[in-house]
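Written below as structure tokens is the structure these notes are about.
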Amino acid sequence: MQSRSLCAAAVLAMAVPAAAGPVSGKLDLPPGAPDRAPVRGRAFVDRTPNPLAPVRAVDPLPSIIVALEPAPTTQFPPPPPAAVIWDLLGESFARPVLPVRVGGEVLIRNKGRSSPVLVATGKPDLLVKKPLNPTAEVLFIAGKEPGAVELLDASAPHLRGRIVVLASPFFAVPNAKGEFELANVPPGEWLVKVWYDTGWLDRPDDRITVGEKRVELNLKLPAKWPLKKP
Amino acid sequence: MFWSKIWLFVIVAAAAVAITVALLLPRPAQRARGDDERQRLVVACDVVAIQMRDSARVQIDVAGAFARQASVVAALEKASEADVLDEARNKAVKELAADTIAEVTGTRPDFAILIDRRGRVVARAGLDEPEYGDTIAGRWLVDDALSGYLRDDLWHADNRLWRVAASPVIKGPTYVGAVVVGNAITKDYAEGLMRPLGAKIAFYADGQNVAASSTIMIDRVTDEHAKLAASGGEMSNDCRANKPFASRSGNDEFSAIVARLPGEAEVQGAFFTVFIPRSKAQGLAATLDAVRKDDMSFANFPWPLVAAGFLAALGIGLALMILETDRPVRKLVADAVQLAKAQIERLPEDQHRGRYGSIARSINIQIDKLAREARAARRDLDQLLGPGDGDGGGGGGLGTLNFGGPPPPRVETVRQPPPPSEFRFSEPLPPPDLDLSTSQPGRVTAPALSSAGSSGSIPKPPPPRPKPAPPPTPSLSAQLAAQSPPQPSMSSPQISPALVMAAPGGLSGLHELLTAEEPIPAIDSPDEEASFRAVFNEFVELKKRCGEPTAGLTLPKFADKLRKNRDDLMAKPGCIGVRFSVYVKDGKAALKATPVK
């Protein structure tokens with residue numbers, strides 16, 4: 095929750111035109127959770143569902159990003175990119191997927207007990223290859239072009255996080271209820287896109303017109319969570 | 021000899037086969053031992069996996085029982101609702117976890133971690149107990165447990181491998197947390213795995229040995245693991261699909277096999293190796309060293325068969341030697357002795373086979389050759405002196421010189437060729453005898469005439485010995501008396517081929533022996549005149565003894581005749597002198613001229 099608040103604060107801190115209006119909404123999740131990933135790190139015995147309660151479904155919300163992209167007719171002065179904080183809580187990041195604007199800085203704070211050596215897949219120069227000790231921080235620019243960057247620790251295969259570098263400065267992550275809000279969106283026409291885990295969801299993009307009044311959205315997500323091909 | 025050679029070949033071939041078999045036999049045994057080693061290793065490797073799987077099941081059961089503790093459920097439910105985990109809560113839950121561990125019967129977990137539903141560590145017991153509040157959600161094991169699964173995993177932390185298991189903590193339909201229990205892989209655990217197998221095991225992670233059943237550190241392990249990891253094969257087949265490899269630890273050799281360890285630790289290069297001492301290569305010598313006394317007993321080894329085979333081979337070999345070598349040689353030797361004794365004239369070629377027959381034929385050929393040479397020499401002398409009287413004249417005897425009396429009527433006789441191996445120097449000649457000093461009792465030898473000194477090309481004769489006095493007449497008379505009447509054998513003397521063979525230098529050597537009684541005097545020298553006179557005296561004496569007239573027989577005429585015959589004979593190539601002798605032939609005195617070559 096703390097990280098989500100920080101992200102929201104970062105989004106709200108962006109400079110917006112005077113006539114900007116808020117955009118909020120809720121994700122309408124499809125019936126049926128995303129498929130659970132195959133068992134990772136199977137050891138000697140297959141994992142067994144407990145006999146007392148049904149297995150919890152996969153929660154997709156931590157891996158979802160709602161982003162607004164301006165229509166070609168929409169003109170606005172781009173705000174400067176802001177730093178985003180990403181907490182490493184121990185054996186995992188606070189969020190598995192972190193949105194960040196192109197050119198925006200990412201500050202990773204290690205709040206765990208271990209000292210991972212984080213590396214970016216495909217971008218060996220993104221991070222200095224050295225242990226990130228407990229309570230230590232590392233600040234870096236995730237990317238100058240839109241795309242996804244995966245961070246991992248070679249010695250801890252379970253420790254993975256994905257940074258999604260977005261061209262638009264207007265994006266939000268949903269809370270546990272699937273609700274989201276983007277403040278101070280410049281007026282004009284915008285396309286609403288949804289990122290899930292490793293890519294954009296393959297769904298009809300919602301076209302909205304932002305004015306001074308709040309825009310309420312109800313984003314219906316497709317079943318089986320299909321992703322657009324890159 | 022043919023069958024002896026065949027038998028020798030068979031024996032040598034059998035020996036070669038036996039040696040080959042002896043050298044080859046240890047190899048299948050060595051291969052069998054290698055297969056046994058591999059089987060032992062595979063079994064040990066499989067058993068390790070089985071035992072670790074069983075251990076994992078036990079751990080899961082322990083984690084499930086742990087998670088079902090009501091006190092644990094209640095503690096985690098409350099912790100999950102708290103935004104901040106304080107020390108008091110940590111202490112309480114830690115004690116609860118420690119108590120729960122203590123209640124476990126059987127293999128107790130080394131540690132337990134109690135996690136709230138957010139993935140935060142509420143308390144640790146048995147390991148890193150002061151630490152709490154950190155999030156270990158994200159580990160696959162913990163995520164699955166918080167999602168409602170029971171499972172196990174293998175972690176690598178603090179340079180140790182940990183066998184861990186987790187269970188969700190559930191209150192009603194709600195998940196309130198998870199429990200993780202774990203045991204380190206230690207030396208005791210490794211020894212327990214290998215105790216029934218008689219092998220050794222070592223666990224590795226991230227290139228480091230983290231636990232082992234012994235202090236032996238073998239080489240090549242990490243390299244073999246790297247190959248295995250790069251092969252991309254199914255991990256569950258590691259034990260059976262991989263070939264054992266030779267490894268060393270100091271001077272000791274081992275056979276080892278590696279297998280990857282599953283779970284999260286696999287990504288960190290966790291594996292184990294099972295190894296056993298490598299059996300030494302069993303060559304022929306080592307195999308013989310390994311033979312025990314019991315192996316050589318009659319019950320376990322076919323000594324009678326070996327002995328029978330040996331005796332049979334030996335008997336066949338000896339029989340072939342006797343049949344093909346000893347007997348033919350003995351027969352040839354016997355025939356040769358008979359030949360030497362003049363009991364046979366030629367070797368019986370047809371009775372000797374093979375190379376012995378060739379030897380006999382070669383000897384016979386030489387005998388024939390000598391006979392031909394003898395006949396040629398006799399014909400030459402006959403041409404010089406004229407054919408001899410009586411039988412000898414037509415029978416190939418050397419010519420005789422008649423002085424005084426009318427020549428005997430020539431009797432034309434059918435010349436019978438002698439046997440191929442017959443050899444006669446002259447006719448008559450003394451009976452054959454190897455002892456030359458006594459073999460010619462009826463023969464009186466005069467010093468031979470020689471051209472030595474008149475021709476530079478002729479080797480100079482040896483210096484004359486002190487000239488012996490002319491043989492006294494009584495001596496000759498005594499000899500003639502002893503010979504009268506002449507012995508039939510003396511009238512047709514023969515020199516046996518054995519004599520020729522016994523003489524050094526063969527025929528020419530024998531000739532030299534026969535003519536080496538007196539040095540040959542130089543031509544026209546006083547010695548020669550003396551020699552002629554001696555021959556003349558002997559001849560006259562012999563004629564008188566034979567009752568022949570000696571009227572008209574004078575020394576000048578006699579000497580002229582000798583000189584003429586000498587010159588004729590010496591005109592022949594190779595004749596260096598002529599030796600004259602007198603003898604009795606058919607009751608008459610005769611003179612014989614013998615060319616000296």
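Quick note, the sequences are listed as chains A and B, same order. Take any residue in the first sequence, count from 1 to its spot, add 94: that is its number in the numbering used here. Take any residue in the second sequence, count from 1 to its spot, add 20: that is its number in the numbering used here. Just so you know, even glycine gets a beta-carbon here, dropped at the ideal spot from N, CA and C. A quick note: this is a predicted structure, and the numbers were derived from the prediction, not measured.
Three-state class that DSSP yields for residue i in the structure shown
i	result
Asn227(A)	coil
Ala270(A)	coil
Pro437(B)	In this predicted model, Pro437(B) has a pLDDT of only 45, less than 50, meaning its place in the structure is not dependable; the value taken from the coordinates is given anyway. Residue state, collapsed to three classes: coil.
Glu115(B)	helix
Lys617(B)	coil
Lys191(B)	strand
Tyr209(B)	helix
Asn13(B)	Chain B is shown from 21 up to 617; residue 13(B) falls before or after that span and cannot be answered.
Phe138(A)	coil
Glu571(B)	In the sequence as presented, Glu is not what sits at residue 571(B); that position holds Ala. It is coil, neither helix nor strand.
Asp153(A)	coil
Gly408(B)	Legend: pLDDT at Gly408(B) = 47, less than 50; position of this residue unreliable, no value from coordinates given.
Ser601(B)	strand
Ser551(B)	helix
CB contact flag (residue i, residue j, <8 Å)
i	j	result
Pro225(A)	Pro210(A)	yes
Pro148(A)	Gly84(B)	no
Ala99(B)	Val142(B)	yes
Trp284(A)	Ile257(A)	no
Gly206(A)	Gly184(A)	yes
Ala76(B)	Val139(A)	yes
Tyr195(B)	Arg137(B)	yes
Ala301(B)	Gln59(B)	no
Glu151(B)	Arg140(B)	no
Leu161(B)	Val68(B)	no
Val93(B)	Lys207(B)	no
Asn203(B)	Trp175(B)	no
Leu246(A)	Thr215(A)	yes
Ala613(B)	Val604(B)	no
Ala185(B)	Val82(B)	yes
Leu589(B)	Val602(B)	no
Ala579(B)	Phe600(B)	no
Cβ distance (whole Å) where residue i is taken to contact residue j below 8 Å
i	j	result
Ser187(B)	Ile80(B)	7 Å
Ile221(B)	Thr293(B)	7 Å
Ala210(B)	Ala231(B)	5 Å
Val78(B)	Thr127(B)	6 Å
Ile235(A)	Arg203(A)	Not a contact, Cβ separation roughly 17 Å.
Pro264(B)	Glu57(B)	6 Å
Gly146(B)	Phe131(B)	4 Å
Outcome for residue i when other beta-carbon atoms lying within 10 angstroms are tallied against a minimum of 16
i	result
Val30(B)	exposed
Ala34(B)	exposed
Asp291(A)	buried
Asn144(A)	buried
Phe187(A)	buried
Lys247(B)	exposed
Phe274(B)	buried
Ile277(B)	buried
Ser511(B)	With a pLDDT of 39 at Ser511(B), under the threshold of 50, the modelled position of that residue is not reliable, and the figure given next carries that caveat. Result: buried.
Lys111(B)	exposed
Lys361(B)	exposed
Pro282(B)	buried
Trp23(B)	exposed
Arg350(B)	exposed
Met237(B)	exposed
Phe321(B)	exposed
Asn585(B)	buried
8 Å Cβ cutoff, residue i in contact with chain C
i	result
Asn144(A)	Chain labels in this structure do not include chain C; the protein chains are A and B.
**Study point:** Contact the segment 147–162 of chain A vs the segment 153–170 of chain B: 3+ CB pairs below 8 Å
**Key:** yes
Practice item. Check whether the segment 35–44 of chain B touches the segment 304–316 of chain A, taking contact to mean three or more Cβ pairs, one atom from each stretch, closer than 8 Å. Key: no
Practice item. Assess, as a yes-or-no matter, whether the segment 573–584 of chain B is touched by the segment 556–565 of chain B under the definition of 3 or more beta carbon pairs within less than 8 Å. Key: yes
Review point. Do the segment 162–169 of chain A and the segment 220–236 of chain A make contact, defined as three or more Cβ pairs closer than 8 Å?
Key: Not touching, per the Cβ criterion.
**Study point:** Given 8 Å, three or more beta-carbon pairs between the segment 86–93 of chain B and the segment 191–199 of chain B
**Key:** yes
Point to revise | Inter-stretch contact at 8 Å, needing at least 3 Cβ pairs: the segment 216–225 of chain A / the segment 263–272 of chain A | key: As far as the Cβ criterion goes, the segment 216–225 of chain A does not touch the segment 263–272 of chain A, which means the pair count is below three.
Check your understanding: Pairing CB atoms from the segment 324–343 of chain B with CB atoms from the segment 364–375 of chain B, are three or more of them under 8 Å?
Key -> No, they do not touch.
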